[in-house]
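Under numbering that gives the first Met the number 0, read the sequence shown as residues 0 to 92, first letter to last.
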Amino acid sequence: MSVETIEKRSTSRKLAPRYRVLLHNDDYNPMEYVVQVLMTTVPSITQPQAVSIMMEAHQNGLALVITCALEPAEFYCETLKSHGLSSTIEPDE
């Protein structure tokens, strides 16, 4: 009988880079509209979270909507823009 050595491969995975979807304040859209668009664009956002995001953008000029992979981040950003809101994405550091 012979003894074989079985080599185990490393199964470490690289995590996909994450991106921050940012909402910019504007003086054109009503606050209720912004809250509604946030909830319909990002299904995981609740009404209290949407209100908080909207208020942060209103008071500070910018608010974090969600941090996610690039493809959904681009989708959320473009969807917010298509509803007349100002949005950008940036790498999460």
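Beta carbons: idealized from backbone N, C-alpha and C, even for Gly. In this text the structure is predicted, and so the values were computed from the model without any measurement.
Can you give the beta carbon distance from residue i to residue j, rounded, assuming they're within the 8 Å contact cut?
i	j	result
ARG17	THR66	5 Å
VAL64	VAL34	Wrong, their Cβ atoms sit about 12 Å apart, outside the cutoff.
ALA100	GLU55	The structure shown does not extend to residue 100, since the chain is modelled only from 0 to 92, so the question has no answer here.
VAL36	LEU84	6 Å
ILE52	LEU22	6 Å
Could you check where the beta strand (DSSP E) with residue i kicks off and where it finishes?
i	result
GLU89	85-90
Rounded to whole angstroms, what is the Cα-Cα separation between residue i and residue j?
i	j	result
LYS80	ILE88	12 Å
HIS57	PHE74	23 Å
LEU14	GLU92	13 Å
ALA68	GLN46	23 Å
GLU31	CYS76	19 Å
GLY60	PRO71	23 Å
THR39	PRO90	23 Å
SER86	ASN24	9 Å
TYR27	HIS82	12 Å
THR78	PRO29	17 Å
Measuring only between beta-carbons, confirm whether residue i sits less than 8 Å from chain C.
i	result
ALA15	In summary, chain C is missing from the structure at hand, where a single protein chain is found.
Output the residue ranges of the alpha helix (DSSP H) runs that lie fully inside the stretch 6-60 and measure 4 residues or longer, sorted by chain position.
Complete alpha helix (DSSP H) runs here, min 4: 30-40 and 46-59.
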